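Peer 1: Per our numbering, residue 734 is the first one in the sequence shown, and the count goes up by one each step.
No residue lacks a Cβ here, since even glycine has one placed at the ideal position from N, Cα and C.
Note that the structure is a prediction, hence the values are computed from the model and not measured.
Sharing a structure, written as structure tokens. Questions coming.
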Amino acid sequence: MRRSNAEVSTLGLRVIRTLERLDVYLDAPGNDGSPDDRILDYAQFAQEQGLPEARLLEAARLNLAYLQMTGIEPGAQALELMTSRRARELRAIPVHVRGHLLAVAMEDPWDVQALQMLGFLSRYQVVPLLASPRAIHECIASSYERAEDTAIACELGLDPGAAGPQSEHDAERLAREQPVVRIVAEMIEEGARRRASDIHVRPGEQEVELLYRIDDEMVPVRTFLRALLPAIVSRIKVLAGMNLAEHRRPQDGRCSVPLADGRIIDLRVSVMPAIFGESIALRLLDSRESLRGLDTLGMSDADHARVIDLMSQSHGMFLVTGPTGCGKSTTLYAMLLELRKQQVNILTIEDPVEYHIGQIQQMQVNRAAGFTFASAVRNFLRHDPDAIMVGEIRDRETAAIAVESALTGHLVLSTLHTNTAATTITRLLDLGVEAFLLRSALLGVMAQRLVRRICPHCRQPDPGDPHMRDAMQATPDDRFYRGRGCAHCEGLGVRGRVAVHELLVVSPAIRQRIAPEAEADRIHLLATTEGMTPLTHAAMTLARQGTISLDEAYRVRAS
């Protein structure tokens, strides 16, 4: 039964805090219940529970109760109906069985597919109850994961309450034990299935936390007993070819792992010594997901045509800029795929080589051998290249040799860490590149950001914060949206990312502005008058189209 706003504000949201009140609710779910079970101050209660106020209001309108799980422990009969993995997948936990009814605490009790799956698995009539994501996560950990981890620790001959370092012999033994192999394999498999770009294993004082970075959001997945950390670290070190006996220094490695669906996924592995044990970060590299053509990067038709035109030049330098993790490498790889069609000799120097591309000679930085970006490009010139890709311009020497290469008949592609296209010019001047050389070498600069798409399955209207509307110069007629959060988007409200760009083409007028005392603001203004769409405007266009939220456009704005 759907209620009006007026009814919601007077009746309030029904909150269940004890097992006795849950039994009463299951006996008569449609009953309004005791006034003591109702809350009217949605803002305060939302803050206490760590939930958006809008979600509580929606639950009240649909006559769904809120389960405050701190006072309720799930029953054994209910827990047996689902595995921990399924509970994490559905973001739900069975709490109580009463007759033919099963009370289930859910992050998203509006998810029809999840409700159907719960009914199929349990064979009970499911009564959904809204609960906070934090409470469900903690309940899954205490009800399922700790018991499972304790059993595994005992099977491995470990003390569940200890977390001390292992000898090299023990570490090697643990890395090959079947339970440890399965834990790490499932961790990677599930990360790939959930579209994670990174997997983090973070040791804490009491437990070890597993998180996935999904659409640039750190999503808690589960916790492990600290006793299992050495075994998990050892297994990952074996996979990545690292030194098992080294626990005091950072180590890097990489490996390839086959998945159940037949894909081969590459892992870049970083292990760092932290206070409570070794911390792990795994970057998941899937060439089928990340190697894209230029036409799939989200550029406007006009910008796409300009980039193609710049790439047809026989010499000059084109730069892609932005902060770490904004997709610069993906854009460069897309440009290399386009260049490859011209049957030219392409050389790259990268740190590290992330994706292997046929018909292109790719090389990796090796500082121990003195093979740096600058030394590699200097040697490239004797290897008859037509196009050169430099993974990143980090210092004066690399910048100078890149400009020199662009001036001697080569097309040079590279990246730089700047916030806007115009500030790239002043940054290169600050690195010591002579203005007269930069005027002759630079073809264009593309600054970019990655923005998160609204999940199409749970998209809903959003008025937007008044301050953000003013800051982004939104008009009263502008309509914005956001994702509520559902099973399709891991409860994040976003699914997938798209790039927003600003493309500065070095025209004759801009070339005249490249001087030792060049001002980025003036160059930016001139580029805008010549047709460049600034990053902020590009993001706002996507927000007005309903592709991204106003919050997301505000987050990536550039001054």
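Extract the residue ranges of the beta strand (DSSP E) inside the stretch 844 to 924, only unbroken runs of 3 or more that lie entirely within it.
Peer 2: With a minimum length of 3 residues, the continuous beta strand (DSSP E) runs that stay inside the stretch 844 to 924 are 858 to 863.
Peer 1: Measuring CA to CA, which of G1031, V966, A1038 is closest to G1060?
Peer 2: When only C-alpha atoms are compared, the closest one is G1031.
Peer 1: Quick one: Cα of Q846 to Cα of G1218, how far?
Peer 2: Between Q846 and G1218, the C-alpha separation is close to 14 Å.
Peer 1: Got a sec? Which residues, its chain only, sit under 6 Å from S1003 by beta carbon, not counting five neighbours each side?
Peer 2: Excluding positions up to five away in sequence, the list reads D985, A1014.
Peer 1: Just to confirm, is the Cβ distance from L1140 to F1051 under 8 Å?
Peer 2: The answer is no: Cβ separation not under 8 Å.
Peer 1: Would you tell me roughly how many angstroms separate the C-alpha atoms of D1203 and G1216, rounded to the nearest one?
Peer 2: Computed Cα separation, rounded: 22 Å.
Peer 1: How close, in whole Å, do the beta carbons of L752 and H829 come, if the pair is a contact with beta carbons under 8 Å?
Peer 2: Indeed they touch by this definition, with Cβ atoms about 7 Å apart.
Peer 1: So A1067 and L1027 are in contact, right, with Cβ under 8 Å, and what is the actual spacing, rounded?
Peer 2: Their Cβ separation, rounded to whole angstroms, is 5 Å, which keeps A1067 and L1027 in contact under 8 Å.
Peer 1: Can you tell me where the beta strand (DSSP E) with H1048 in it begins and where it stops?
Peer 2: Unbroken run through H1048: none, as it is neither H nor E.
Peer 1: Near P912, what residues of its chain come up, given a Cβ to Cβ distance below 7 Å and the 5 sequence neighbours on each side ignored?
Peer 2: If we look at P912 and ignore the five residues flanking it on each side, its Cβ neighbours are I885, E888, L889.
Peer 1: For R1025, which option in R987, K970, Y1088, I1082 has the closest C-alpha, if you only look at C-alpha atoms?
Peer 2: Checking every option, the nearest Cα to that of R1025 belongs to Y1088.
Peer 1: Any idea what DSSP makes of M1273, helix, strand or coil?
Peer 2: It is helical.
Peer 1: With respect to the beta strand (DSSP E) encompassing Y945, which residues constitute its N-terminal and C-terminal limits?
Peer 2: Here the beta strand (DSSP E) through Y945 covers 940 to 947.
Peer 1: How big is the Cα-Cα spacing for C1222 and L800?
Peer 2: Each residue's Cα considered, the two are about 23 Å apart.
Peer 1: Report all residues from its chain with a CB closer than 7 Å to the CB of A929; omit the five preceding and five following residues, and keep chain order.
Peer 2: Once the five neighbours on either side are set aside, the close Cβ partners of A929 are Y945, R946, I947, L1017.
Peer 1: Could you tell me the distance, in whole angstroms, from the CA atom of A1276 to the CA atom of T1208?
Peer 2: Distance between the alpha carbons of A1276 and T1208 is about 12 Å.
Peer 1: So, do the stretch 1171 to 1191 and the stretch 1237 to 1245 have three or more beta carbon pairs nearer to each other than 8 Å?
Peer 2: Yes, they touch.
Peer 1: Any heavy atom of the ligand FMN closer than 7 Å to the beta-carbon of F1169?
Peer 2: Of the ligands one can find in the structure shown there are none, so the ligand FMN has no counterpart to examine.
Peer 1: When you compare the CB positions of Q1245 and Y1214, do they come within less than 8 Å of one another, or not?
Peer 2: Contact flag unset, no.
Peer 1: Distance check for A798 and I749, CA to CA, integer angstroms please.
Peer 2: Going by the C-alpha atoms only, they are around 7 Å apart.
Peer 1: Less than 8 Å separating the beta-carbons of R909 and P936?
Peer 2: In this structure, P936 does not lie closer than 8 Å to R909 by Cβ.
Peer 1: Please name the residue or residues paired with S1147 in a DSSP beta bridge.
Peer 2: Per DSSP, L1052, V1123.
Peer 1: Roughly how many whole angstroms lie between the Cα atoms of I1082 and L1170?
Peer 2: Distance between the alpha carbons of I1082 and L1170 is about 23 Å.
Peer 1: Is it a yes or a no for the stretch 837 to 853 touching the stretch 807 to 827, going by three-plus beta-carbon pairs under 8 Å?
Peer 2: As far as the Cβ criterion goes, the stretch 837 to 853 touches the stretch 807 to 827, which means the pair count is three or higher.
Peer 1: Could you give the DSSP three-state label for P1006: helix, strand or coil?
Peer 2: DSSP places P1006 in strand when its eight states are reduced to three.
Peer 1: Check whether the Cβ atoms of V1233 and A1272 lie closer than 8 Å to each other.
Peer 2: The answer is yes: Cβ separation under 8 Å.
Peer 1: Can you give me the Cβ contacts of R831 inside the same chain, cut-off strictly under 7 Å, excluding the 5 residues immediately before and after it?
Peer 2: Closer than 7 Å at the Cβ level, and outside the excluded window around R831, lie D756, L759.
Peer 1: Got a sec, what are the start and stop residues for the alpha helix (DSSP H) E1087 sits in?
Peer 2: Per DSSP, E1087 belongs to no alpha helix (DSSP H) and is neither H nor E.
Peer 1: Taking the alpha-carbon positions, what's the T1156 to P1199 distance?
Peer 2: Those two C-alpha atoms are separated by around 30 Å.
Peer 1: Got a sec? Which residues, its chain only, sit under 8 Å from R982 by beta carbon, not counting five neighbours each side?
Peer 2: Here the set comprises P1006.
Peer 1: Quick one: what's H1234 bridged to in DSSP?
Peer 2: Q1181, per the DSSP bridge assignment.
Peer 1: What does the alpha-carbon distance come out to for the pair V1136 and T1262?
Peer 2: Taking the straight line joining both Cα atoms gives about 27 Å.
Peer 1: Quick one: what does DSSP say P1241 is sitting in, helix, strand or coil?
Peer 2: Helix, per DSSP.
Peer 1: Output needed for G1279: all residues of its chain with C-beta closer than 8 Å, excluding positions within five of it in sequence on either side, in chain order.
Peer 2: If we look at G1279 and ignore the five residues flanking it on each side, its Cβ neighbours are I1187, R1192, R1212, F1213, Y1214.
Peer 1: Please classify T1029 as buried or exposed, where buried requires at least 16 other C-beta atoms within 10 Å of its C-beta.
Peer 2: Burial call: exposed.
Peer 1: With distances taken Cα to Cα, identify the nearest neighbour of E1011 among Q1075, A1035, E938.
Peer 2: For the residues Q1075, A1035, E938, the minimum Cα distance to E1011 belongs to E938.
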